[in-house]
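2 protein chains.
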Amino acid sequence: MRKIIDPAPEIWAELAKRPTKNLEDLEPGILETFKLVQEQGDNALLQLADKYDGVKLSSLVASTEEIAAAESGVSQELKEAILQAYSNIQLFHTQQAEPVKQVETMFGVTCWRKSVPIEKVGLYIPGGTAPLFSTLLMLGVPARIAGCQELVLCTPPSKDGNIHPAILYTASLLGVSRIIKAGGAQAIAAMAFGTESVPPVYKIFGPGNQYVTVAKQLVSKAGVAIDLPAGPSEVLVMADETANPAFVAADLLSQAEHGPDSQVVLLASSEAVLAQVEQELEAQLKVLPRKEFAAKALNNSLGIVLGGVEEMLRFSNLYAPEHLILSVSDFEQLLDGITNAGSVFLGHYSPESAGDYASGTNHTLPTNGYARAYSGVSLDSFVKKITFQYITREGLQNIGQTIETMAEAEGLEAHKNAVSIRLNELNRV
Amino acid sequence: MRKIIDPAPEIWAELAKRPTKNLEDLEPGILETFKLVQEQGDNALLQLADKYDGVKLSSLVASTEEIAAAESGVSQELKEAILQAYSNIQLFHTQQAEPVKQVETMFGVTCWRKSVPIEKVGLYIPGGTAPLFSTLLMLGVPARIAGCQELVLCTPPSKDGNIHPAILYTASLLGVSRIIKAGGAQAIAAMAFGTESVPPVYKIFGPGNQYVTVAKQLVSKAGVAIDLPAGPSEVLVMADETANPAFVAADLLSQAEHGPDSQVVLLASSEAVLAQVEQELEAQLKVLPRKEFAAKALNNSLGIVLGGVEEMLRFSNLYAPEHLILSVSDFEQLLDGITNAGSVFLGHYSPESAGDYASGTNHTLPTNGYARAYSGVSLDSFVKKITFQYITREGLQNIGQTIETMAEAEGLEAHKNAVSIRLNELNRV
Chain A
220 MRKIIDPAPE IWAELAKRPT KNLEDLEPGI LETFKLVQEQ GDNALLQLAD KYDGVKLSSL
280 VASTEEIAAA ESGVSQELKE AILQAYSNIQ LFHTQQAEPV KQVETMFGVT CWRKSVPIEK
340 VGLYIPGGTA PLFSTLLMLG VPARIAGCQE LVLCTPPSKD GNIHPAILYT ASLLGVSRII
400 KAGGAQAIAA MAFGTESVPP VYKIFGPGNQ YVTVAKQLVS KAGVAIDLPA GPSEVLVMAD
460 ETANPAFVAA DLLSQAEHGP DSQVVLLASS EAVLAQVEQE LEAQLKVLPR KEFAAKALNN
520 SLGIVLGGVE EMLRFSNLYA PEHLILSVSD FEQLLDGITN AGSVFLGHYS PESAGDYASG
580 TNHTLPTNGY ARAYSGVSLD SFVKKITFQY ITREGLQNIG QTIETMAEAE GLEAHKNAVS
640 IRLNELNRV
Chain B
220 MRKIIDPAPE IWAELAKRPT KNLEDLEPGI LETFKLVQEQ GDNALLQLAD KYDGVKLSSL
280 VASTEEIAAA ESGVSQELKE AILQAYSNIQ LFHTQQAEPV KQVETMFGVT CWRKSVPIEK
340 VGLYIPGGTA PLFSTLLMLG VPARIAGCQE LVLCTPPSKD GNIHPAILYT ASLLGVSRII
400 KAGGAQAIAA MAFGTESVPP VYKIFGPGNQ YVTVAKQLVS KAGVAIDLPA GPSEVLVMAD
460 ETANPAFVAA DLLSQAEHGP DSQVVLLASS EAVLAQVEQE LEAQLKVLPR KEFAAKALNN
520 SLGIVLGGVE EMLRFSNLYA PEHLILSVSD FEQLLDGITN AGSVFLGHYS PESAGDYASG
580 TNHTLPTNGY ARAYSGVSLD SFVKKITFQY ITREGLQNIG QTIETMAEAE GLEAHKNAVS
640 IRLNELNRV
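Quick note, the sequences are listed as chains A and B, same order.
Numbered per the working numbering, the first sequence finishes at 648, counting up by one with no gaps.
Numbered per the working numbering, the second sequence finishes at 648, counting up by one with no gaps.
Here you go:
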């Protein structure tokens with residue numbers, strides 16, 4: 220952990236910077252993959268599963284038998300935990316539904332907007348070191364609440380051609396329409412352009428490695444929407460004298476274990492607090508299974524001593540963390556001052572893992588400072604809000620001149636005429 | 220107008236396609252512009268104003284004197300129209316504010332989300348043939364309601380170094396922090412990266428030519444958010460026997476006059492309706508000032524006869540128009556079936572121009588089929604929705620095991636430990 224005591228405000232912006240990674244070199248290779256998928260469809264996905272995942276698949280689509288069998292591959296305890304998380308996520312996201320409100324902006328001019336589900340969405344769940352069924356919940360539950368008709372899931376198969384039972388079980392709970400054994404840029408291409416087995420979708424969600432990240436960027440240029448620009452996961456913890464150093468260390472480590480490029484920032488109210496947390500970090504790190512990842516991430520992490528909570532808040536807003544943990548006594552006083560953050564955890568008993576899994580909030584959040592302008596995934600991410608307007612004859616007589624005057628001033632006579640021609644008819648009657 | 224009578228469903232997808240334009244060739248030149256702006260700041264903007272706008276500016280920033288003088292350059296009638304539109308847009312967008320709702324997902328586990336303004340936003344208003352003060356209203360009013368602190372406006376100067384008084388007047392109403400005389404890709408670069416005169420912003424809004432479009436795509440890859448991917452404006456009108464052919468023709472022309480690449484689609488319930496509208500188009504076109512634009516757009520437009528409203532609706536959903544006008548008798552019956560559209564205009568007295576200027580709905584809408592996954596600009600576009608969670612000791616005891624079980628199943632021991640270490644302490648007490 221890089222330690223900085225009371226840094227001068229002039230260097231804060233530098234401290235708040237993330238390491239930049241230029242991924243443009245990956246683009247040509249990924250565009251080749253796109254071409255292959257567009258030209259050869261399923262066959263391309265089968266070839267690339269062989270090449271990258273080391274498996275000769277007999278079918279790209281998980282069969283109903285495989286899905287049914289997964290049920291017995293998940294312990295009763297895990298099923299109950301998944302159902303509890305499902306219920307909490309559902310409860311929280313259901314509250315995000317916007318009721319239709321009609322607004323009569325002038326007499327006879329009525330406007331409203333209505334949330335309409337995105338019909339077809341694609342969910343990408345990476346393979347690798349951890350089966351992220353929690354991410355599938357975080358994406359699938361709001362998709363279901365929204366009413367998306369088609370949910371396509373792509374996830375890379377293991378070397379024996381299977382998908383982890385917890386992923387299949389969760390997908391089955393969510394009523395995923397189609398589960399495809401495909402990973403990487405080829406999976407993103409398949410969902411964007413479609414193949415024989417993969418229906419093309421309108422929006423693609425989910426985390427992934429740098430190939431997936433770049434592939435999502437590229438399909439978004441081609442008109443397929445994506446959830447969020449991606450970057451390594453982050454936490455910023457503010458800790459004062461009331462914080463329990465062991466809890467703080469555990470929270471920092473839960474971020475650090477994601478991978479060596481995880482961003483971990485501690486703002487401590489004093490050198491003593493910083494030292495206590497460091498001591499705990501060392502002790503807890505030793506017994507972690509993923510200690511290599513965590514140790515690397517900690518090497519790049521920041522421990523900054525800042526005198527007051529006001530200063531901490533200012534630094535945090537500048538940094539715009541994905542996760543913000545307020546392990547301080549007076550967190551309520553800080554709430555109104557938080558301008559940039561993805562999700563915020565209040566007090567000493569709200570660890571980030573609660574939001575990662577089960578409290579109900581979404582864990583797909585803006586990283587890399589994107590919290591300055593982006594929200595995390597929510598019910599909103601799975602709907603379009605379509606506006607409607609109904610103008611009566613009288614309404615058009617009320618608003619007509621305003622429109623005519625503005626259209627004329629913009630030099631758009633046909634816009635004006637669409638009103639004038641109607642007003643003329645009304646005056647004639 | 221290309222006429223198609225009862226097309227077979229197999230060719231619908233082809234009919235619904237927009238012309239594709241490959242803008243990638245523009246990227247290298249635009250990246251050069253970015254580099255110039257990043258290296259030379261204001262000086263680059265001044266050079267490029269000379270080169271592209273043909274003006275040697277003494278200052279990039281509109282002075283308070285210029286802004287004050289604009290007041291007298293706008294007629295009383297236009298001021299009143301702008302104020303009326305402002306009021307309607309404000310009324311409609313204020314209703315989009317989301318109240319904070321606390322949800323206790325389990326006893327002791329409380330979650331909520333809060334809309335927080337994006338602190339700094341940039342608004343781009345193109346120059347060219349029409350001074351689009353209406354677009355400035357559509358972006359500036361929700362930005363103000365959201366509470367964005369810094370509103371930066373970039374718009375290209377005329378050859379005499381001025382900005383149109385209606386733009387300055389509207390900007391002044393909106394309390395725009397800084398008005399910059401800059402257009403094109405260089406304006407987008409200035410707002411993304413900052414110069415001596417232009418503060419860098421977190422999100423950039425507004426329409427523009429293909430250079431602006433590509434520049435927005437490129438800065439969004441670099442982490443600055445943008446409003447929407449852009450494309451030529453569009454309208455789809457459904458007309459049955461109850462429609463007034465003159466009104467329908469006027470609506471089609473108001474779209475066509477935007478430019479030669481405007482997309483205009485008419486779905487008519489019979490060949491007779493189509494023929495009547497065509498006749499009206501011809502008559503009205505003759506007297507339009509922008510008839511060259513409109514005629515070109517009409518050449519590329521589609522007039523499709525489809526027997527029933529159900530079929531029309533299905534085609535419209537496939538096309539996903541930016542603007543959808545229902546000039547049919549039973550439009551109320553269609554509302555629930557609309558799945559893809561930007562903004563919808565109901566009945567015979569709700570022309571698109573109403574929404575373009577003054578009804579209250581936003582006119583920055585998804586084009587090019589993006590309405591399948593994107594919403595138009597709204598109050599939401601100017602805020603981030605930050606989630607919060609507060610878990611009590613008892614709450615953590617309720618939810619703890621769920622988190623531990625899930626974290627362990629995902630192989631993330633440190634995530635589990637952040638809960639266990641707290642539960643252990645609670646059990647010890």
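The beta-carbon is built from N, C-alpha and C at its ideal position, and this holds for glycine as well.
Cutting at 6 Å between CB atoms, please list the residues of its own chain near Lys603 of chain B, excluding the five before and the five after it. Val335
Find out if the Cβ-Cβ distance for the pair Gly478 of chain B, Ala502 of chain B is shorter than 8 Å. no
His542 of chain B bridges to which residues according to DSSP? B:Val454 and B:Ser562
When DSSP builds the beta bridges, which residues end up paired with Trp331 of chain A? A:Phe607
Please confirm if Asp549 of chain A has its CB atom under 8 Å from at least one CB of chain B. no
Mind reading off the beta-carbon distance from Ala406 of chain B to Tyr343 of chain B? Whole number of angstroms is fine, and I expect it under 8 Å. 6 Å
Taking Val484 of chain B as part of the alpha helix (DSSP H), name the residues at either end of that continuous run. Note, Val484 of chain B: premise wrong, no alpha helix (DSSP H); beta strand (DSSP E) at Gln482 to Ala487.
From Val322 of chain A to Ser278 of chain B, what distance separates their C-alpha atoms? 43 Å
Tell me the rounded alpha-carbon separation between Pro418 of chain A and Phe253 of chain A. 15 Å
Identify whether Met625 of chain A lies in helix, strand or coil by the three-state DSSP scheme. helix
Just the chain B side, please: which residues come within less than 9 Å of Asp225 of chain A by C-beta, in chain order? Under the 9 Å cutoff, chain B gives no residues; its nearest Cβ is about 25 Å from Asp225 of chain A.
Endpoints, alpha helix (DSSP H) assigned at Gly359 of chain B: Phe352 to Ala365
Do you know how far the Cα of Leu447 of chain B is from the Cα of Ser562 of chain A? 24 Å
Relative to the C-alpha of Thr414 of chain A, which candidate in A:Val496, A:Arg397, A:Gly425 and A:Phe424 has its C-alpha closest? A:Arg397
So is Gly169 of chain A in contact with chain B if we call contact Cβ pairs under 8 Å? The shown model of chain A, from 220 to 648, leaves out residue 169 of chain A, and the question about it has no answer.
One question on the structure: do Gly588 of chain A and Arg237 of chain A come within less than 8 Å of each other, judged by their Cβ atoms? yes
Using 8 Å as the threshold, is the C-beta distance between Asp445 of chain B and Lys422 of chain B below it? Correcting the residue type first, residue 445 of chain B is Ile in the shown sequence and not Asp. Yes. Within cutoff.
CA-to-CA distance, Asn636 of chain A to Leu504 of chain B, given in whole angstroms: 11 Å
For Thr239 of chain B, does the count of other Cβ atoms within 10 angstroms reach 16, so buried, or fall short, so exposed? exposed
For Ile605 of chain B, I'd like the list of residues in its chain whose CB is within less than 7 Å of its CB, leaving aside the five on either flank, ordered along the chain. Arg332, Lys333 and Val335
Other residues of its chain near Arg641 of chain B: CB distance less than 7 Å, five sequence neighbours each side excluded: Leu615
Show which residues of chain A have a CB atom less than 7 Å away from the CB atom of Cys330 of chain B. Phe311, Ser578, Gly579 and Thr580
First and last residue of the uninterrupted alpha helix (DSSP H) at Ile398 of chain A: Run containing Ile398 of chain A: none in the alpha helix (DSSP H); it sits in the beta strand (DSSP E), Arg397 to Lys400.
Determine, for Met625 of chain B, whether the minimum Cβ-Cβ distance to residues of chain A falls below 8 Å. yes
C-beta neighbour in chain A for Pro418 of chain B, strict 8 Å: no
Of the listed residues B:Leu297, B:Gly273 and B:Ala385, nearest to Lys378 of chain B (C-alpha basis): B:Gly273
Helix, strand or coil for Glu476 of chain B, going by three-state DSSP, please let me know. coil
With DSSP collapsed to three states, give me the class of Phe601 of chain A. helix
With respect to the beta strand (DSSP E) encompassing Phe424 of chain B, which residues constitute its N-terminal and C-terminal limits? Lys422 to Phe424
In this structure, does DSSP put Ile308 of chain B in helix, strand or coil? helix
Is it right to say Gln608 of chain A is buried, meaning 16 or more other beta carbons lie within 10 angstroms of its own, or is it exposed? buried
Check whether chain A comes within 8 Å of Ile230 of chain B, counting only Cβ atoms and requiring the distance to be less than that. no
Starting from Tyr576 of chain B, trace the alpha helix (DSSP H) both ways and give me its first and last residue. Glu571 to Tyr576
Do you know how far the Cα of Gly450 of chain A is from the Cα of Thr432 of chain A? 8 Å
Are any of the Cβ atoms in chain A nearer than 8 Å to that of His542 of chain B? no
Report the partner residues of Ala444 of chain B according to the DSSP bridge assignment. B:Lys422
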